Structures are given as structure tokens and as C-alpha cells.
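The numbering of the sequence shown is the numbering used here, which starts it at 1 and goes up by one.
Worksheet: one structure, shown below.
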Amino acid sequence: HPDSLALAAPGGFSGFDLETMAVVVEIGPDSVAHPVPDVREVGVANSVVDGVAVAVSLDPDGDNWVVLSRQLDDRVVELAVETVPGAAPGEANVLVEVGGSGRWEALTGLGIDGTAENLDRLPGFTSFPADYITFFPDGAFWRPQGPISVDDVVEGGDG
């Protein structure tokens with residue numbers, strides 16, 4: 001509306017530390033929160049949300065992240081991170097196919113080094129874990145050792 005002052009408010013740095021947040025992927029009735037510290041620990045989160053194989057990848061030097069589909073035309077890939085020495089900030093990681101030859105840019109999903117297929121981007125958003133629990137009580141948290149339910153987090157205090 002032309003009289004709305006809220007839309008004219010200047011944007012700027014939010015002050016939120018990505019390390020205190022989770023990247024949430026919501027597909028159909030399911031959602032999974034991927035806590036940023038856990039994703040950083042392993043480099044890339046290989047996850048499944050409502051039957052869709054996804055990967056959450058982070059910029060090792062900043063606050064950029066992306067959600068990618070792990071489904072290619074003929075297979076689902078498991079991804080790992082390869083650090084590229086001397087690469088520019090934000091380009092230090094490459095996603096590699098575990099047990100295969102596929103290679104992708106970590107923040108775009110674009111195939112590199114002869115990999116013809118790209119990984120499709122999927123929607124996601126960030127949330128504080130406590131807020132995720134409030135708004136997605138039937139959701140799950142991704143952990144490197146396997147997903148855990150919101151109920152287990154609330155009961156065990158692992159949020």
C-alpha cells in the first residue's frame with residue numbers, strides 16, 4: 001500500500017549469527033532442520049525430506065548456504081566435501097560424489113570437471129532451533145549420526 005511505512009524501512013545487517021541457526025527444508029508435510037554447526041562438522045548434510053534426497057551445503061568462510069537435490073536422472077548421489085587449496089573465499093569447497101566421479105560447485109550445484117548434470121536448487125530457510133520446535137512440532141533435526149525427532153530434542157534437551 002502506498003501509505004505503508006514498513007515497506008520503506010531500510011534493510012541491513014540483521015546481527016543474527018548463522019552458527020546459532022538451522023537451515024530448514026520443508027517439502028510436503030515433512031520438514032527437517034539442519035543445525036549449521038552440525039553441517040559444518042561434516043561439510044555437507046545428506047538428508048531426506050518427504051522422500052526427496054537433499055543436500056545442505058555451506059560456504060566455509062561465510063554465511064551463504066544452499067539446499068540442493070541429490071536426485072540425478074538415473075540415481076541419487078551421496079555427497080562429500082573436497083576442500084580446494086588456494087581457492088577464492090566462498091569457492092573453497094567442491095561437492096564430490098561418494099563412490100563416483102561427479103563434481104559440483106558447493107554453493108550453486110553446477111557440474112564441473114566434466115560432470116554434465118547439475119544439482120537442482122531447492123527452497124529452504126533459516127530458523128533458530130527453538131523457533132523451529134515451536135512451529136514444526138512434528139519435524140526432525142538432522143544430525144550426522146542420523147535424524148532425531150523434535151520430541152526427542154525437547155525431552156532430551158539436545159536443541
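For each residue, glycine too, the CB sits at the ideal point set by N, CA and C.
Model, not experiment: these values are computed from the prediction.
Other residues of its chain near residue i: CB distance less than 6 angstroms, five sequence neighbours each side excluded
{"i": "residue 111", "result": "104, 117, 118"}
{"i": "residue 49", "result": "25, 27, 30, 32"}
{"i": "residue 151", "result": "none"}
{"i": "residue 125", "result": "24"}
{"i": "residue 35", "result": "22"}
{"i": "residue 53", "result": "70, 71, 76"}
{"i": "residue 66", "result": "57, 107"}
{"i": "residue 43", "result": "81"}
Residues near residue i in its chain [Cβ-Cβ closer than 8 angstroms; skip 5 each side]
{"i": "residue 147", "result": "32, 47, 140, 141"}
Residue interval of the beta strand (DSSP E) (run including residue i)
{"i": "residue 55", "result": "52-58"}
{"i": "residue 126", "result": "125-127"}
{"i": "residue 68", "result": "65-69"}
Range of the contiguous alpha helix (DSSP H) that encloses residue i
{"i": "residue 40", "result": "36-42"}
Cβ shell of residue i (< 7 angstroms), same chain only, five flanking positions each side left out
{"i": "residue 63", "result": "18"}
{"i": "residue 159", "result": "The predicted position of residue 159 is uncertain, since its pLDDT is 49 and thus under 50; a value taken from the coordinates is nonetheless stated next. Cβ within range, chain order: 129, 130, 133, 153."}
{"i": "residue 40", "result": "58"}
{"i": "residue 37", "result": "19"}
Distance CB(residue i)-CB(residue j) smaller than 8 angstroms
{"i": "residue 77", "j": "residue 102", "result": "yes"}
{"i": "residue 72", "j": "residue 57", "result": "no"}
{"i": "residue 79", "j": "residue 96", "result": "yes"}
Burial state of residue i (16 or more Cβ within 10 Å)
{"i": "residue 129", "result": "buried"}
{"i": "residue 100", "result": "exposed"}
{"i": "residue 115", "result": "buried"}
{"i": "residue 109", "result": "buried"}
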